[in-house]
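One structure is given below, encoded as structure tokens.
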Amino acid sequence: TDKGLVFEQLYQQLLANTDFFSGAFPADYGNAIGGVFDARFRNGNTQKRQHAFQLSIIGIDFSTEGPFNKNGNSSYLANYRYSTTGIIKEFVDVGAAIPTYQDLSFKLHFRLPNQATLDVFGIGGISESEFFPSQDTSAWSEGTRLNLGSTARTTTGTIGVSYAQTLGSKSFLKSTLVGTGINYDQSAFYLQRDLTTRDSVSKTDDYEYRISWATFWNHTFGPRHTHRTGVAFHGLASNVFFIRADNVFSPNPGGNLNDTIRQGQGETFLLNAYTRSQFILSSKWQLNAGLHFVYFGLTGEVSLEPRMGLQYRIGPRQSLSLGYGLHSQTEPFFTYLIEAQDENGQSSRLNDDLLFNKAHHVVLSYRWQISEKIGFVAEMYHQEQFNMVVAEDLPISRVGGEDFFFETFDLNNGGKGRNTGLELALERIIANGYYFIANTSLFRSTYMANDQVRRPSIFDTRFIGNGIVGKEWELNKKKAKPKFFNANISVTYTGARYYTPINLQLAIDS
Numbered sequence: 042t043d044k045g046l047v048f049e050q051l052y053q054q055l056l057a058n059t060d061f062f063s064g065a066f067p068a069d070y071g072n073a074i075g076g077v078f079d080a081r082f083r084n085g086n087t088q089k090r091q092h093a094f095q096l097s098i099i100g101i102d103f104s105t106e107g108p109f110n111k112n113g114n115s116s117y118l119a120n121y122r123y124s125t126t127g128i129i130k131e132f133v134d135v136g137a138a139i140p141t142y143q144d145l146s147f148k149l150h151f152r153l154p155n156q157a158t159l160d161v162f163g164i165g166g167i168s169e170s171e172f173f174p175s176q177d178t179s180a181w182s183e184g185t186r187l188n189l190g191s192t193a194r195t196t197t198g199t200i201g202v203s204y205a206q207t208l209g210s211k212s213f214l215k216s217t218l219v220g221t222g223i224n225y226d227q228s229a230f231y232l233q234r235d236l237t238t239r240d241s242v243s244k245t246d247d248y249e250y251r252i253s254w255a256t257f258w259n260h261t262f263g264p265r266h267t268h269r270t271g272v273a274f275h276g277l278a279s280n281v282f283f284i285r286a287d288n289v290f291s292p293n294p295g296g297n298l299n300d301t302i303r304q305g306q307g308e309t310f311l312l313n314a315y316t317r318s319q320f321i322l323s324s325k326w327q328l329n330a331g332l333h334f335v336y337f338g339l340t341g342e343v344s345l346e347p348r349m350g351l352q353y354r355i356g357p358r359q360s361l362s363l364g365y366g367l368h369s370q371t372e373p374f375f376t377y378l379i380e381a382q383d384e385n386g387q388s389s390r391l392n393d394d395l396l397f398n399k400a401h402h403v404v405l406s407y408r409w410q411i412s413e414k415i416g417f418v419a420e421m422y423h424q425e426q427f428n429m430v431v432a433e434d435l436p437i438s439r440v441g442g443e444d445f446f447f448e449t450f451d452l453n454n455g456g457k458g459r460n461t462g463l464e465l466a467l468e469r470i471i472a473n474g475y476y477f478i479a480n481t482s483l484f485r486s487t488y489m490a491n492d493q494v495r496r497p498s499i500f501d502t503r504f505i506g507n508g509i510v511g512k513e514w515e516l517n518k519k520k521a522k523p524k525f526f527n528a529n530i531s532v533t534y535t536g537a538r539y540y541t542p543i544n545l546q547l548a549i550d551s
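In this text, residue positions in the sequence shown follow my numbering: the first is 42, and each later residue adds one.
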């Protein structure tokens, strides 16, 4: 969501195998042009109960799992987290807008007769941030805005149920129903010199709801051909509202919130369908080919997108892969709903006729399994974006900046974008108690608005480097239920981000 992150990361003890696609992802995935992170909760232990507690810089968390009964046909898995900053702020005045959060995740797994399973899962959380102005009133003056404060709260919840059924020895069917709700509530205020009176500056109250149903059928036609076909329906609803004072830059706005900046509400649906096959052409060659279909109910637009991946095994430990995909993505739903008033006071939607953002992806990858524990990956990629949504009369794009109400401008699909880069990664899986991951990316990210001038995007930092090292100690090796202690260090270094400085005086004068 553009409104904030409730979950900084999914706790590692909850996750099963996950897939991350940085480009040219398979036909299974749609409504995305950047990348896909497909994360799945694992099942709880069906044989014994286990518990884990972790304390880190960002938070504390507790997880528990185990069987519902002695039959081993059902299990539960749950995790609760609370931010370290939330605890610190109870005792220390940090004097800054440091976010706090808490969240709860769970999965219930049931094995049913006739080789079927039923899963119930959910995740919900609250993220809050508050900044209170300095109480040193001598520093307050026109233009400093040192008496400006803000509060923000994001609440989100997801609940779902999934049913899977094996059909004979070669087919598999799975259906999932999921409901999600998000609320973002934000307000800004000026603190007056009596240190108790607050004059409101702005107020945001956004709601977004989604209900999704997805099903797919997987069939093995033979040792060299596996096929999957699926369909997904997403019902969308949103209600957004942002209002502020007429003169937001004045330190004494008088608390009159009468300048509506963003307002709109509505419902629609998004329909996705796909079909793809995997062919083992020989002992060295493998082909994945598919087609993805998208229909957006609000605009009636259709997109048909080919996807392809070809892999060649150089040897038992090395492979070379080439991938291509045409991908599309809608704008955040509220972008289509924003209303504006004409000179007669009549309200109408500004941008409910926008087309899909689209992109061609090409990815060339080299993988080398150096040893049983260490692997190396080198990946070159190019993404050519077109039909990108940009402002009609201003040289701005959503990828060109942040922290502005992009959807309140008149928009069209006259923009373009380009992302090209090289990524190198070296990974050691956990063995003998430790692991490491190191990667670096060298890239360029640019965009063009309607003026056809190519500019660096806000993501064009040119390079990013990441490193993670972890160590695990077994504390009681001789006991039946061993306990472990873990320590991990993560480091990230990135280049500078581009930004356009604000001419504050010009903004005040205008």
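All residues carry an ideal CB built from backbone N, CA and C; glycine is no exception.
Everything numeric in this text was worked out from a predicted model, so none of it was measured.
Where residue i falls, given that 16 or more other Cβ within 10 Å makes a residue buried
| i | result |
| --- | --- |
| ARG564 | Outside the shown range of the chain (42 to 551) lies residue 564, about which nothing can therefore be said. |
| ARG538 | exposed |
| ARG348 | buried |
| VAL532 | exposed |
| THR141 | buried |
| THR535 | exposed |
| VAL494 | exposed |
| PHE62 | buried |
| PRO264 | exposed |
| PRO542 | exposed |
| ARG122 | buried |
| ASP79 | exposed |
| ALA528 | exposed |
| VAL47 | With a pLDDT of only 32 at VAL47, under the threshold of 50, the placement of this residue in the model should not be trusted; the figure read from the coordinates follows. By the 10 Å Cβ count, VAL47 comes out buried. |
| ASN155 | exposed |
| GLY209 | exposed |
| PHE262 | exposed |
| VAL281 | buried |
| VAL431 | buried |
Sheet register partners of residue i (DSSP bridge)
| i | result |
| --- | --- |
| LYS512 | TYR475, ALA528 |
| PHE504 | LEU483 |
| ASP144 | ARG122, GLY166 |
| GLN304 | PHE282 |
| PRO497 | THR487 |
| LEU351 | LEU328, LEU363 |
| VAL335 | ASN313, SER344 |
| ARG459 | GLU425, THR487 |
| GLN410 | GLY416 |
| TYR540 | Partner(s): none; TYR540 has no beta bridge. |
| ASN453 | VAL431 |
| PRO108 | SER116 |
| ILE200 | GLY163, GLY220 |
Neighbourhood of residue i by C-beta distance below 7 Å, restricted to the same chain and skipping five residues each side
| i | result |
| --- | --- |
| GLN370 | ASN72, ALA73, ILE74, PHE397, ASN398 |
| GLN176 | LEU236 |
| PRO174 | LEU187, ASN188, LEU189, GLY190, LEU232 |
| GLN50 | Its pLDDT being 44, under 50, GLN50 is placed unreliably by the model, and the measurement read from it follows with that caveat. Nothing listed; no residue qualifies. |
| ILE302 | PHE283, ILE284, ARG285, PHE446, THR449 |
| ARG496 | GLY441, THR487, TYR488 |
| GLY307 | SER279, LEU378 |
Own chain, CB closer than 6 Å to residue i, minus 5 neighbours either side, in chain order
| i | result |
| --- | --- |
| TRP254 | LEU218, PHE274 |
| PHE147 | ALA119, GLY163 |
| GLU169 | THR141, ARG194 |
| GLY366 | ALA65, ARG348, HIS402 |
| ASP43 | Model confidence at ASP43 stands at a pLDDT of 34, short of 50, so the residue's coordinates are unreliable; what they give is reported in the following sentence. These residues qualify, in order along the chain: PRO373. |
| ALA205 | THR158, LYS215 |
| ASN224 | THR196, TYR248 |
| THR87 | PRO108, GLY113, SER116 |
| PHE103 | PHE94, TYR121 |
| ILE252 | GLY220, GLY276 |
Contact belief for residue i with residue j at Cβ below 8 Å, rounded distance in angstroms
| i | j | result |
| --- | --- | --- |
| VAL404 | TYR422 | 5 Å |
| THR207 | THR221 | Wrong, their Cβ atoms sit about 28 Å apart, outside the cutoff. |
| ILE505 | SER482 | 5 Å |
| GLU464 | ASN480 | 6 Å |
| ALA466 | VAL418 | 5 Å |
| ASP160 | LEU149 | 7 Å |
| MET429 | GLY458 | 5 Å |
| SER406 | SER362 | 4 Å |
Cutoff 8 Å; reference residue i; Cβ partners in own chain excluding five residues on either side
| i | result |
| --- | --- |
| ASN58 | ARG81 |
| LEU516 | PRO523, LYS524, PHE525, PHE526 |
| LYS512 | GLY474, TYR475, ASN527, ALA528, ASN529 |
| LEU55 | PHE82, ARG83, SER104, LEU118, ASN120, SER146, LYS148 |
beta-carbon residue i near the ligand HEM non-hydrogen atom, thresh 7 Å
| i | result |
| --- | --- |
| PRO497 | With respect to small molecules bound, the structure shown includes none, and the ligand HEM cannot be examined in it. |
> Is it a yes or a no for the stretch 414-421 touching the stretch 381-388, going by three-plus beta-carbon pairs under 8 Å?
Replying inline: In short, these stretches do not touch, since the Cβ pair count stays below three.
> Any chance the stretch 80-100 sits against the stretch 350-360, with 3 or more Cβ pairs inside 8 Å?
Replying inline: As far as the Cβ criterion goes, the stretch 80-100 does not touch the stretch 350-360, which means the pair count is below three.
> Does the count of Cβ pairs from the stretch 315-335 and the stretch 256-274 closer than 8 Å reach three?
Replying inline: Touching, yes, given that three or more Cβ pairs across the two stretches are closer than 8 Å.
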